[in-house]
Amino acid sequence: MSDVESWLAALEERHLANLTRSELTRALRALSSCYVERRDRLAQGAALEGAGKRAAFALFYGPLHFLTVSHVVRALGAQERTLREIVDLGCGTGAAGAAWSLACNRPPSIAAIDRSAWAVQEANWTYRHFALRGRAATGDITRMPLRVDQRSGILLAYAVNELSREGRAVLLEQIIDRARAGAAVLIVEPIARRGVDWWDEWRSGLISEGARTDEWRFSTPVPPLLRSIAKGAGLDPRELTARTISKI
Ligand SMILES: C[S@@+](CC[C@H](N)C(=O)[O-])C[C@H]1O[C@@H](n2cnc3c(N)ncnc32)[C@H](O)[C@@H]1O
17 MSDVESWLAA
27 LEERHLANLT
37 RSELTRALRA
47 LSSCYVERRD
57 RLAQGAALEG
67 AGKRAAFALF
77 YGPLHFLTVS
87 HVVRALGAQE
97 RTLREIVDLG
107 CGTGAAGAAW
117 SLACNRPPSI
127 AAIDRSAWAV
137 QEANWTYRHF
147 ALRGRAATGD
157 ITRMPLRVDQ
167 RSGILLAYAV
177 NELSREGRAV
187 LLEQIIDRAR
197 AGAAVLIVEP
207 IARRGVDWWD
217 EWRSGLISEG
227 ARTDEWRFST
237 PVPPLLRSIA
247 KGAGLDPREL
257 TARTISKI
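Under our numbering, the final residue of the sequence shown carries the number 264; numbering is consecutive throughout.
Structure below.
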């Protein structure tokens, strides 16, 4: 069994213990609708409210983000850059940060922040599962100083969109400042997201500091567990797609 397969099996055991498959399917529908149609409630943390949506996130979106970020890191050649640590902002279950670290020739440690105590607990479990040096803690990424240097990589995977407009503005200033100081930056978001008005501002702010933007489509087979969970909820992830702003 590969590392990813054993992680998926462990996730299934962990999150399907108290949930039937149909409850999971219903929860995944509700969660997906939160991301696509009810974005106004994201800044209040609506996506991770309730056991069903949390399980759906951990079992479906977490692994999808892990696979996507693994591919993006390799496509950017980011695994070649020697980093001391990855600072994963809005880490969720830790999937994207773990993917970046594991893709590196020498896996850096991970310092992660999320406002959700549940997510923090899951992220710490993820690091232990992959034997990574990582620690997640609770906090608000729009209200803390970003202490990183040129040996750090800042990761914002599927997180910027959940911030308030004011919070995003504060964070962008810090990210630009840290990119200028030499930190690596990777921002990942879905391609097909409606109403993302902040993207252009982030893109031009970071391009001025030497960043690049990309749209990615990886036609790699999605693992059977994810396909079957997705199918039940009317989703069809045939390929992994993302857009990124990066400075590696
Ligand atoms: C869609 S999830 C993405 C999680 C993870 N980065 C991934 O790729 O799977 C967005 C995460 O951002 C967190 N988040 C949203 N606003 C935040 C804030 N102001 N401070 C810290 N975390 C925040 C949420 O709790 C959630 O776990």
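Where is the CB? At the ideal position from N, CA and C, for every residue including glycine. None of the values given here were measured: they were computed from a predicted structure.
Validate contact between the stretch 201-219 and the stretch 123-141 using beta carbons, cut 8 Å, 3 pairs: no
Nearest neighbour of A94, chosen from N121, A74, F82 and E39 [CA to CA]: N121
Residue from A46, C50, G78 and V89 with nearest C-alpha to G68: A46
Own chain, CB closer than 6 Å to L75, minus 5 neighbours either side, in chain order: L27 and H31
Residues near R243 by beta carbon distance below 8 Å, same chain, minus five either side: P253
heavy atom of ligand 1 below 7 Å from E168 C-beta: Sequence check: residue 168 is Ser here, not Glu. Result no, Cβ not under 7 Å from ligand 1.
Check whether L251 and S48 have beta carbons under 8 Å apart: yes
Validate contact between the stretch 162-175 and the stretch 104-122 using beta carbons, cut 8 Å, 3 pairs: yes
Whole alpha helix (DSSP H) elements within the stretch 32-95, 4-residue minimum: 37-52, 67-72 and 78-92
Within 8 Å, strictly: CB atoms of A91 and L35: no
For R196, three-class secondary structure by DSSP: helix
Residues that DSSP places opposite A173 in a beta bridge: V204
Local Cβ density within 10 Å of G108, reported as buried at 16 or more and exposed below that: buried
Proximity below 8 Å, CB of A200 to CB of A227: no
As assigned by DSSP and simplified to three states, the class of R233: strand
Of the residues P237, M17, L256 and R151, the one placed nearest E231, counting alpha carbons only: L256
Distance CB(L222)-CB(I157) smaller than 8 Å: no
R37 versus L44: straight-line alpha-carbon distance, rounded: 10 Å
Same chain, Cβ closer than 7 Å to Y143, neighbours up to 5 away in sequence not counted: G110, A114, I126 and G150
Opening and closing residue of the beta strand (DSSP E) in which A258 lies: L256 to K263
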